[in-house]
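For reference, the structure discussed in these notes is given below.
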Amino acid sequence: MNCQEARLQIGADPLAHSAELQEHLSGCADCRRFQAEMGAFEADIRRALARPPQLQRRARAAPPLWRQLALAASVAAAAVLLAGVWLLRPTDTLAHEVVVHVQGEPNSWFAAEHISSADIDAKLRRAGVVLDINSDQIMYAQSCWFRGHYVPHLVVQTTHGPATVMILKHEQLRTRQAFHESGLSGELVPVGAGSIAVLTRGDGSVDDITAQMQQDVHWMPDAH
Amino acid sequence: MRIIARSGKSAAMRNSQPDSPVSSSTDQLAGAPAALTQLFESLRPDLLRFAQWLARDRAIAEDIVQESLLRAWRSRDALKDPAAARPWLLTIVRREHARLYERKRLELVSLDDVVETQAFPKVAEPDDDLFTLRHAIMKLPIEYREPLVLQVLGGFSAEEIAHELELSATAVLTRLFRARNKLRVLCGMTAAPDVAGDEAAP
């Protein structure tokens, strides 16, 4: 065994004492010195390793940028989806509820008695609505409880036949929406801060009465 | 990979803990899961210390030990002699640690950040004189730290480490030499002249 081999063995395992190494050490003062030095250091290494490192639980590192961006994109997509659902669902439900309500008053289509202007005004005012329309056109007027509010439910005679108009002061719409359901067709139309629902039986046009109502409906401020 | 389950304590295992108080009777071990559980649990602190020096993260080390004990329990039939339980379990822990790095690229954090701000408490330790050395061991690259910990804590011989790490015995000797040499330097001592060892695989 030469010095290099001896030092490799000592450095790799300072406590080693093979016969071959002992033989070399007996005739090499430098390697004996190296062994003594490494032996003392080895005692420290063993003392150091005898106790576990005092590690604390590492705080989770911030996720990489791509993961943060992916998360943000996912959240944004979910928000858009939810917003879409939120915007679409009420109008679908509103159209359906309007149809259900009108179907609940089937005789309204056939009303023919004249209703006084005062009576119409009373029903409109109860709902906070002013309507610039010739009362002769109105064949039916009720103030109906609908979605938590009293709303005017009118049947107006048009050149295409009777049309039902519900004036929905508290229903806000972003866009005009046509619907066909249960033999009724109509439109939900945003007007000012509220909206109106105009329906007719079958596939009759409601364009004229809708346009007229958009001009004639005015909202009164809410009473507090 | 093969699990080492030695039947006795070899001369190279001089650093192993004393024999387990549990009887070395194979029949008794096989027939007494409670005794095996107790044996495993008695070794848990050793395993955790070993895993902590390898992983340098307490939470990861705890996970490694837990998973290792689970694997060991599933493979308990491979353990024929309770006296071999400690090196057997340490081997499983080492492989579980290696497996962790194989299957998962862990987030890299500056060791200085971890060690200097978290590894050591602000208050002085009783063995303050070893602070620098413990810090230096933590900073050793895994290829040097792993054989050193296997040798010192595991009591494995260079040949056994070589077998476990799939290296030549000379390569392991070289790594152990260099590990200690790096520690000398990190502790402010003069480096010993390097030896020209072969670190290639067998």
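Residue numbers (this note's numbering), protein chains in the order written: chain E, -19 to 204; chain X, 219 to 420.
Note that the Cβ used here is the ideal one computed from N, Cα and C, for glycine as well.
Leaving out five residues before and five after residue i in sequence, what residues of the same chain have Cβ atoms less than 6 Å from its Cβ?
i, result
"Phe338/X", "Only weak support exists for where Phe338/X lies, its pLDDT of 46 falling under 50; the value from the coordinates is given anyway. Excluding sequence neighbours, Phe338/X sits near nothing in its chain."
"Arg470/X", "A question about residue 470/X goes unanswered here, because the residues of chain X that appear run from 219 up to 420."
"Ala376/X", "Ala387, Val390, Leu391"
"Ala121/E", "Ile95, Ile100, Lys103, Leu134"
"Ser185/E", "His140"
"Val79/E", "Glu161, Ser162, Leu164"
"Ala410/X", "Asn399"
Less than 8 Å between the beta carbons of residue i and residue j, yes or no?
i, j, result
"Pro365/X", "Ile379/X", "yes"
"Val131/E", "Ala92/E", "no"
"Leu297/X", "Trp306/X", "yes"
"Ala427/X", "Ile282/X", "Beyond the ends of chain X as shown, which are 219 and 420, falls residue 427/X; an answer cannot be given."
"Pro142/E", "Trp89/E", "yes"
"Ile25/E", "Leu351/X", "yes"
"Val403/X", "Trp271/X", "no"
"Leu168/E", "Ala75/E", "yes"
"Arg31/E", "Phe14/E", "no"
"Thr309/X", "Glu259/X", "no"
"Leu153/E", "Ser123/E", "no"
"Ile147/E", "Val110/E", "no"
"Phe268/X", "Leu371/X", "yes"
"Phe395/X", "Ala(-8)/E", "yes"
"Glu22/E", "Pro43/E", "no"
"Arg393/X", "Glu361/X", "yes"
What does residue i reach in chain E if we use C-beta pairs closer than 7 Å?
i, result
"Leu371/X", "Leu29"
"Ala389/X", "Simply none; closest approach about 11 Å."
"Leu348/X", "Asp24, Arg27, Ala28"
Using the beta-carbon of each residue, which ones in chain E are nearer than 9 Å to residue i?
i, result
"Leu287/X", "Ordered by position in chain E, no residue passes the 9 Å Cβ test against Leu287/X, which lies about 17 Å from the chain."
"Ile355/X", "Ile25, Ala28, Leu29, Pro33"
"Arg352/X", "Ala28, Leu29, Arg31, Pro33, Gln34"
"Val311/X", "The contacting residues do not exist; Val311/X stays about 13 Å from chain E at best."
I want to verify the contact list: residues of chain X whose CB lies under 9 Å from the CB of residue i, in sequence order.
i, result
"Phe14/E", "Ala410"
"Met18/E", "Arg398, Arg402, Ala410"
"Asp10/E", "Residues of chain X passing the Cβ test: none, with the nearest at roughly 11 Å."
What does residue i reach in chain E if we use C-beta pairs closer than 8 Å?
i, result
"Trp291/X", "Simply none; closest approach about 23 Å."
"Ala376/X", "Ala(-8), Asp(-7)"
"Thr392/X", "Leu(-12), Ala(-8)"
"Val367/X", "Leu29"
With DSSP as the reference, please indicate the residues paired to residue i in a beta bridge.
i, result
"Cys124/E", "Val131/E"
"Phe159/E", "Gly166/E"
"Gly174/E", "Val171/E"
"Pro142/E", "Gln137/E"
"Val186/E", "In DSSP, Val186/E forms no bridge with anything."
"Trp199/E", "Val109/E"
"Ile278/X", "None; Ile278/X has no bridge partner."
"Arg396/X", "Answer by DSSP bridge pairing: none, since Arg396/X is not bridged."
"Thr180/E", "Ser165/E"
"Leu257/X", "In the DSSP output, where bridge partners are listed per residue, Leu257/X has none listed."
Name the chain X residues that come within less than 7 Å of residue i, Cβ to Cβ?
i, result
"Leu61/E", "Simply none; closest approach about 31 Å."
"Gly64/E", "The premise fails here: Gly64/E is roughly 36 Å from chain X at the closest Cβ pair, so nothing lies under 7 Å."
Quick one: list the residues of chain X neighbouring residue i, beta-carbon separation under 8 Å, in chain order.
i, result
"Gln157/E", "Within 8 Å Cβ-Cβ: nothing; Gln157/E doesn't reach chain X, min ~51 Å."
Keeping to the same chain, check which residues put their C-beta closer than 7 Å to that of residue i; ignore five residues upstream and five downstream.
i, result
"Ser242/X", "Because the pLDDT of Ser242/X is 39, which lies under 50, any placement of that residue in the model is unreliable, and the number read from its coordinates should be weighed accordingly. The answer, listed in chain order, is Asp299, Pro300, Ala301."
Given 7 Å as the limit, tell me if residue i has its C-beta closer than that to any heavy atom belonging to the ligand GTP.
i, result
"Asp196/E", "The ligand GTP is absent from the structure shown, which contains no ligands of any kind."
Apart from the five residues on each side of it in sequence, which residues of its chain come closer than 8 Å, Cβ to Cβ, to residue i?
i, result
"Cys11/E", "Cys(-17), Ala(-14), Arg(-13), Ile(-10), His4, Leu5"
Beta carbons nearer than 7 Å to chain E: which residues of the region 260 to 281 of chain X have them?
Leu266, Arg267, Gln270, Trp271, Arg274, Asp275, Arg276, Ala277
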